[in-house]
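A short write-up of the structure that comes next.
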Amino acid sequence: MTNELIEKIRRVINLKEKIKIIGGGTKERLGRKVVGKPINVSENRGIITYDPAELFVTVKSGTPIGSLEEVLKQHGQYLPFEPPHLGEQATVGGVVACGLSGPSRPYKGALKDYLLKVRIINGKGEVLTFGSQVIKNVAGFDLFRLMAGAQGTLGIILDVTFKVLPLPPFSTTVVLEKNATEALRFLSIIAAKYFPLSASCYYNNKLYVRISGYEKSVRRAEKEIGGDILANDHQFWNSVKERTHPFFINSQRLWRLVLPQAAPLLPMEGEWFFDWGGSQRWWKGEEDNREAIFRWARDQGGYAWCHDKEVTLASPLDTALLRIHRRLKEAFDPFGLLNPGRIYEEF
């Protein structure tokens with residue numbers, strides 16, 4: 001199937017037709033609308049190589065991420081960045097292309113930290129491989145990490161290799177009563193104490209802290225942090241990861257801000273939801289000055305995304321970053337054929 005897909009893509013590229021990349025269709029809202037010839041990669045599926053002893057797996061881009069996770073679970077392993085699916089049809093390629101990481105992001109690392117190798121076809125029809133399935137051989141420029149979050153604008157992902165880790169043997173979640181300011185301060189305190197933290201979030205004057213690892217260490221941290229034990233915590237964290245928590249339901253406009261943990265709260269009235277230890281902040285309110293919020297996030301050393309009903313708009317880039325993005329686009333996709341306008345209108 002992969003060779004057939006490559007030939008199909010090359011035929012379209014040779015005609016200089018713009019391409020709209022389609023996978024499971026679960027992340028359509030995470031960027032701008034794309035107009036182009038649909039290229040469906042969802043049939044390019046299957047695990048190519050899995051070596052539990054060496055802690056890596058190579059998988060085709062159209063493979064359902066849920067199926068991959070089930071296979072890993074059977075061997076007592078998992079993807080530590082906890083990729084959000086955002087739908088049952090979510091694919092490995094879509095997760096990588098959107099650069100999605102779940103609640104464990106600040107404690108276990110981001111998706112890009114677990115990428116070892118990526119194979120793509122670029123906008124010139126060239127099949128390129130970056131990285132290596134052997135960690136010590138991943139040297140030189142980390143070009144494979146550029147594919148995480150590029151949303152297909154630099155290349156169509158054919159297959160990827162992930163580093164995997166053993167599942168934590170024990171996990172629990174505690175809940176504490178805190179307001180938003182207290183929650184941010186408390187998170188910075190416990191993060192410095194070497195507790196085996198694996199997730200944290202805040203909503204509606206409640207701070208949720210997940211602790212994972214060996215039971216003895218988890219129990220010690222649980223006692224020192226305090227709070228009440230959350231029942232069915234797996235279900236709760238899944239709702240955070242998949243954005244099915246009540247906060248996210250029926251949101252016509254939702255802001256996502258990724259900021260330094262010590263950044264202040266956005267000085268506007270509205271409803272908050274924090275995760276990533278306070279670095280990822282979701283906000284919804286009546287304020288309609290999009291440019292002001294983008295500017296505020298940039299002034300704090302972070303970025304913002306505005307999720308409207310059907311599309312997502314990203315913070316405008318400053319001149320230097322825009323120049324880098326353009327040069328990357330020209331190198332990988334000189335004719336502007338791949339998912340044009342998906343992230344920024346300019347390319």
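Oh and the sequence shown: position 317 is 317 in UniProt numbering, straight run, nothing missing.
Where a beta carbon is used, it is the ideal one built from N, C-alpha and C, also for glycine.
Query: Among His75, Ala97 and His245, the one whose alpha carbon lies nearest that of Pro83; Result: Ala97
Query: Beta-carbon proximity list for Gln151, same chain, < 7 Å, skipping 5 on both sides; Result: Gly31, Ala97, Cys98, Asn339, Arg342 and Ile343
Query: Which of helix, strand or coil DSSP assigns to Ser212; Result: strand
Query: Cβ-Cβ distance between Glu70 and Tyr78 below 8 Å; Result: no
Query: Extent of the continuous alpha helix (DSSP H) to which Leu72 belongs; Result: Ile65 to Gln74
Query: Short Cβ contact (8 Å threshold) for Lys163 with Phe81; Result: no
Query: Beta-carbon spacing of Ile6, Ile121 below 8 Å; Result: yes
Query: Straight-line Cα distance separating Asn204 from Pro38; Result: 42 Å
Query: Gly131, enclosing beta strand (DSSP E) - first and last residue; Result: Val127 to Gly131
Query: Span separating the alpha-carbon of Leu313 from that of Leu254; Result: 11 Å
Query: Cβ shell of Ile157 (< 7 Å), same chain only, five flanking positions each side left out; Result: Ser61, Gly93, Val96, Ala97, Val118, Ile120 and Met147
Query: Opening and closing residue of the alpha helix (DSSP H) in which Ala304 lies; Result: No alpha helix (DSSP H) holds Ala304; the beta strand (DSSP E) holding it covers Tyr303 to His307.
Query: Burial state of Leu86, where buried means 16 or more other Cβ atoms lie within 10 Å; Result: buried
Query: Straight-line gap, Asn289 to Arg256 (C-alpha atoms, nearest Å); Result: 15 Å
Query: Ile19 (DSSP reduced to helix, strand or coil); Result: strand
Query: Contacting residues, own chain, Cβ-Cβ under 6 Å from Thr129 (five flanking each side not counted); Result: Arg119
Query: Selected residue, minimal CA-CA separation from Pro52, among Ile225, Pro166 and Met268; Result: Pro166
Query: Which of helix, strand or coil DSSP assigns to Gln235; Result: helix
Query: Cβ separation of Val175 and Pro196, assumed to be a contact under 8 Å, to the nearest whole Å; Result: Their Cβ separation, rounded to whole angstroms, is 18 Å, which puts Val175 and Pro196 out of contact at 8 Å.
Query: Start and end residues, alpha helix (DSSP H) containing Tyr114; Result: That residue, Tyr114, is in no alpha helix (DSSP H); it is neither H nor E in DSSP.
Query: DSSP three-state assignment for Ile343, whether helix, strand or coil; Result: coil
Query: Cβ pair count under 8 Å reaching 3, the segment 264-277 against the segment 217-233; Result: no
Query: Alpha-carbon spacing of residue 348 relative to Ala90, whole angstroms; Result: With the chain running from 1 to 347 in the structure shown, residue 348 is simply not present.
Query: Residues near Trp237 in its chain [Cβ-Cβ closer than 7 Å; skip 5 each side]; Result: Pro103, Ala199 and Arg210
Query: Trp283: first and last residue of the uninterrupted beta strand (DSSP E) it sits in; Result: Gln280 to Lys284
Query: Three-state secondary structure assigned by DSSP to Pro166; Result: strand
Query: Phe186 vs Leu207 beta-carbon contact at 8 Å; Result: yes
Query: Under the three-state DSSP convention, the category Glu271 falls into; Result: strand
Query: Helix, strand or coil at Val96 [DSSP, three-state]; Result: helix
Query: Residues that Arg256 bridges to, as DSSP identifies them; Result: Trp282 and Trp305
Query: Supposed close pair Gly125, Asn44 - CB separation, criterion 8 Å; Result: With 8 Å as the limit, Gly125 and Asn44 do not qualify as a contact, their Cβ atoms being about 16 Å apart.
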